[in-house]
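Participant:
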Amino acid sequence: MSPRIPSEQAAARHGWVQAVAVVLAGMIAMGITATLGLWAAGAADLPDGAFPRVAAATVVTAVGGAVELSGDVGGLAETEAGLTVIPLSVTLAGALVVAVGFLRPLRHRAVAGAGELGGWAARIAVLWLLALLGLALGARQTFTISVGEDAISDITDLFGVSPEVGFTTDVPVTLVFGLLWLAGVLVLALLVAPGAPLPGRLLRFRESVRPAAYAMVALLLTYVMLGVVIGLVVAATRRHPAETFAVILLGLPNLVWLAFTIGLGATWDGRVEGPFELPMPHVLDEVLRSSDVAVLNVGTLAEHDGRVWWLVVADAVLVPAAAFVMAARSPARLRAWRHAVHMAVALALTVLMICLVGRIVASYGLSVLGIGDLGGFLAGELFLRPRIWTALGLAVLWGLVTGFLGALLAARVQRWGAATQAPSSPSRRPP
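When you line the sequence shown up against my numbering, it's residues 58 to 488, in that order.
So, in structure tokens, the structure goes:
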């Protein structure tokens, strides 16, 4: 029997069993993160044993799935509800685990064929869709809600109306966006990992794309780690630590990446109305409740808390550091202006991603015989949306400036390193 060639041995190391392990690990990571976050938020007390279904719905939304809210209060009343939010802590946990599992069989190799990479990704995708289908079918529940002890409650008792609200998953949309999410994670893993193999035809893009992708992912993860440290300090020094852990486990990237864009000078529009208890800093809640459509930027936040200017300082340190990392990992022959262009494009794409996944829309309302309509105390509304073009323009400007500075600094460090490693003159032989 002829021995296997190296490519066949590599293909054998990432078959169906390994694909099952990758998908299970990713789902378990997201499930644990969502469950712990919801438990810290108090969702374990939901009626009718709904907690597992809510956790499943949270995982579905974390990969871009669509969860639809609905209400039923009979013919005498109307309800309206909607929710669009991505729990990015859950998303990040799953993305990191899936990316590591995808890359593990491919390590220690410089080149891999397109067919091999496509087959390995296809195995994961098939199993991923099956797992996501199971979650989507299980993520549905109906609750009976209380309207309090007042006139609305008397009317509902008189006519036998039992207000109910529930949620279901849009299965086709969830599968499509879940597959796109997985494809994005796998492609980004190949672009970011220094040792990940690429098909031969794509090797020419490795020098221009990989350093920028690596620097942007490192920048975003640095903000998340800083947020974790700050969150742990807040949990240890203030009351209600469970709420802080709920934020860390469900929506920490939503907050820290929002802060990152605000530090760049971006503006978001938002509003909070009704009894929403927001898991966010008090200054943010104050600004969002200050007007019908609140303007959220460094200036408006600083009017309530001057410490917000530290967001600009953080960006002024971390963004040039990312530009330096990008330049240091790029070929030394690249000119500074090309580094600046690469940094501008990478930072603009990063800010665009944050603007797309950081949007929040939530609303609910109950009207019984015209009492307690959507604008009353039985209603609530929350939205947060960016001014995308302004944010992208600022990202390009920051990228050009910091990319040029990072290239100059990297060139100095490289020249200094080359000088310190210069070979010493050979010693003379004794006569």
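A virtual CB, placed ideally from N, CA and C, is assigned to each residue, including glycine.
Keep in mind that this is a model prediction, so the values were computed, not measured.
Could you tell me the alpha carbon to alpha carbon distance between L174 and V142, rounded to whole angstroms?
Facilitator: Numbered from its first residue, the sequence shown carries residue 174 at position 117. Numbered from its first residue, the sequence shown carries residue 142 at position 85. Each residue's alpha carbon lies about 32 Å from the other.
Participant: Closest to Q198 by CA distance: which of E125, L409, T324 and F262 is it?
Facilitator: Here residue 198 refers to the residue found at position 141 when the sequence shown is read from its first residue. Comparing Cα positions, the closest option is E125.
Participant: With three or more C-beta pairs closer than 8 Å as the rule, is the stretch 172 to 192 touching the stretch 236 to 243?
Facilitator: yes
Participant: If distances are taken between C-alpha atoms only, which option among V117, L245, I287 and L255 comes closest to V274?
Facilitator: As a first step, residue 274 must be located in the sequence shown, where it is residue number 217. With distances taken between Cα atoms, V274 lies closest to L245.
Participant: M400 and M383: beta carbons closer than 8 Å?
Facilitator: Residue mapping note: residue 400 aligns to position 343 of the sequence shown, counting from 1. Residue mapping note: residue 383 aligns to position 326 of the sequence shown, counting from 1. Taking 8 Å as the Cβ cut-off, M400 and M383 qualify as a contacting pair.
Participant: Would you list the one or two residues that DSSP bridges to E264?
Facilitator: By one-based count along the sequence shown, residue 264 stands at place 207. E264 is not bridged by DSSP to any residue.
Participant: Please classify A316: is it buried, with 16 or more other beta-carbons within 10 angstroms of its beta-carbon, or exposed?
Facilitator: Start at 1 with the first residue of the sequence shown, and residue 316 comes out as number 259. The residue in question, A316, is buried, as its Cβ has 16 or more Cβ neighbours within 10 Å.
Participant: Give me the Cα-Cα distance between L406 and R395, rounded to the nearest whole angstrom.
Facilitator: Position 349 of the sequence shown holds residue 406. Position 338 of the sequence shown holds residue 395. Cα to Cα, L406 sits roughly 17 Å from R395.
Participant: Within a Cβ cutoff of 8 Å, which residues of the same chain sit near L457, ignoring the five residues on either side of it in sequence?
Facilitator: Looking up residue 457 in the sequence shown gives position 400. Result list for L457: A397, V398, M400 and A401, in chain order.
Participant: Please report the distance separating the alpha-carbon of P388 from that of G72.
Facilitator: Taking the sequence shown and counting its residues from 1, one reaches residue 388 at position 331. Taking the sequence shown and counting its residues from 1, one reaches residue 72 at position 15. Rounded to whole angstroms, P388 to G72 spans 35 Å at the Cα level.
Participant: Among P338, T318 and I417, which has the Cα closest to the Cα of G288?
Facilitator: Your numbering for residue 288 matches position 231 in the sequence shown. Ranking P338, T318 and I417 by Cα distance to G288 puts P338 first.
Participant: Pairing CB atoms from the stretch 303 to 315 with CB atoms from the stretch 90 to 99, are three or more of them under 8 Å?
Facilitator: yes
Participant: In three-state terms, what does DSSP make of P104?
Facilitator: Residue numbering aside, residue 104 sits at position 47 when the sequence shown is read from its first letter. Of the three classes helix, strand and coil, the one that applies to P104 here is helix, per DSSP.
Participant: Specify, as a first and last residue, the run of the beta strand (DSSP E) that A351 falls within.
Facilitator: In the sequence shown, counting from the first residue as 1, residue 351 sits at position 294. A351 -> beta strand (DSSP E) spans A351 to L353.
Participant: Buried or exposed: where does I3 fall if 16 or more other Cβ atoms within 10 Å of its Cβ makes it buried?
Facilitator: The structure shown has nothing for residue 3, since the chain only spans 58 to 488.
Participant: Please report the straight-line C-alpha distance between G322 and A119, rounded to a whole angstrom.
Facilitator: Position 265 of the sequence shown, counted from the first residue, corresponds to residue 322. Position 62 of the sequence shown, counted from the first residue, corresponds to residue 119. Each residue's Cα considered, the two are about 27 Å apart.
Participant: Using beta-carbon positions only, say whether L248 and R267 come within less than 8 Å of one another.
Facilitator: Start at 1 with the first residue of the sequence shown, and residue 248 comes out as number 191. Start at 1 with the first residue of the sequence shown, and residue 267 comes out as number 210. Contact: yes.
Participant: Which residues in the same chain as D372 place their Cβ atom closer than 7 Å to its Cβ, once the five residues preceding and following it in sequence are excluded?
Facilitator: Working through the sequence shown from its first residue, we reach residue 372 at position 315. Contacts found: F317, G320 and L321.
Participant: Determine whether the beta carbon atoms of A150 and T231 lie at a separation below 8 Å.
Facilitator: To locate residue 150, count along the sequence shown from 1; it is residue 93. To locate residue 231, count along the sequence shown from 1; it is residue 174. With contacts defined by Cβ atoms closer than 8 Å, A150 and T231 do not form a contacting pair.
Participant: Shortest alpha-carbon distance to V79 belongs to which of T279, I181 and A112?
Facilitator: Working through the sequence shown from its first residue, we reach residue 79 at position 22. Nearest C-alpha to V79: I181.
Participant: Does the Cβ-Cβ distance between A82 and G191 come in under 8 Å?
Facilitator: To locate residue 82, count along the sequence shown from 1; it is residue 25. To locate residue 191, count along the sequence shown from 1; it is residue 134. No, the Cβ-Cβ distance between A82 and G191 is not below 8 Å.
Participant: Could you round the C-beta distance between L462 and A359 to whole angstroms and report it? I think they count as a contact, below 8 Å.
Facilitator: One-based indexing of the sequence shown puts residue 462 at position 405. One-based indexing of the sequence shown puts residue 359 at position 302. Contact flag wrong, Cβ pair sits at about 26 Å.
Participant: DSSP three-state call for R364: helix, strand or coil?
Facilitator: Walking along the sequence shown from the start, residue 364 turns up at place 307. Note: R364 maps to helix in three-state DSSP.
Participant: With distances taken Cα to Cα, identify the nearest neighbour of G252 among T115, W177, G122 and P162.
Facilitator: Counted from its first residue, the sequence shown places residue 252 at position 195. Out of T115, W177, G122 and P162, P162 has the C-alpha closest to the C-alpha of G252.
Participant: Would you kindly check if the distance between the Cβ of A196 and the Cβ of A113 is under 8 Å?
Facilitator: Position 56 of the sequence shown, counted from the start, is the residue given in the question as residue 113. Position 139 of the sequence shown, counted from the start, is the residue given in the question as residue 196. In this structure, A196 lies closer than 8 Å to A113 by Cβ.
Participant: Excluding the 5 residues flanking R442 on each side, which residues of the same chain have their C-beta closer than 6 Å to its C-beta?
Facilitator: Residue numbering aside, residue 442 sits at position 385 when the sequence shown is read from its first letter. Here the set comprises D326 and R416.
Participant: Hey, quick one: how far does the alpha helix (DSSP H) through R520 stretch, first residue to last?
Facilitator: Any question about residue 520 goes unanswered here, given that the chain covers just 58 to 488.
Participant: Look up I143 in the DSSP assignment and say whether it is helix, strand or coil.
Facilitator: By one-based count along the sequence shown, residue 143 stands at place 86. I143: coil per DSSP, three-state reduction.
Participant: For V74, report the span of its alpha helix (DSSP H) as first-last.
Facilitator: Position 17 of the sequence shown, counting from 1, holds the residue named residue 74. It spans W73 to A97 - the alpha helix (DSSP H) in which V74 sits, taken as one unbroken run.
Participant: Does the distance from the CB of L465 to the CB of A393 come in under 8 Å?
Facilitator: Along the sequence shown, one-based indexing puts residue 465 at 408. Along the sequence shown, one-based indexing puts residue 393 at 336. Yes, these two residues count as a Cβ contact at 8 Å.
Participant: CA-CA distance, Q75 and V376?
Facilitator: On the sequence shown, residue 75 is found 18 positions in, with the first residue counted as 1. On the sequence shown, residue 376 is found 319 positions in, with the first residue counted as 1. Distance between the alpha carbons of Q75 and V376 is about 37 Å.
Participant: Within the present structure, is the beta-carbon of V117 separated from the nearest heavy atom of the ligand GDP by less than 7 Å?
Facilitator: Judged by which ligands are present, the structure shown has none, so any question about the ligand GDP falls away.
Participant: Sort out for me which residues DSSP pairs T226 with in a bridge.
Facilitator: Sequence index remark: in the sequence shown, residue 226 carries index 169 (1-based). V124, per the DSSP bridge assignment.
Participant: Between A123, L153 and G99, which lies nearest to V233 when the distance is taken from Cα to Cα?
Facilitator: On the sequence shown, residue 233 is found 176 positions in, with the first residue counted as 1. Of the candidates A123, L153 and G99, the one whose C-alpha sits nearest the C-alpha of V233 is A123.
Participant: Mark T301 as exposed unless 16 or more other C-beta atoms lie within 10 angstroms of its C-beta, in which case mark it buried.
Facilitator: As a working mapping, residue 301 is identified with position 244 in the sequence shown. With 16 or more Cβ atoms within 10 Å of its Cβ, T301 is classed as buried.
Participant: Determine the burial state of A448: buried for a count of at least 16 other Cβ atoms within 10 Å of its Cβ, exposed for fewer.
Facilitator: In the sequence shown, residue 448 corresponds to position 391, counting from 1. If you draw a 10 Å sphere on the C-beta of A448, you find 16 or more other C-beta atoms in it, and that means buried.
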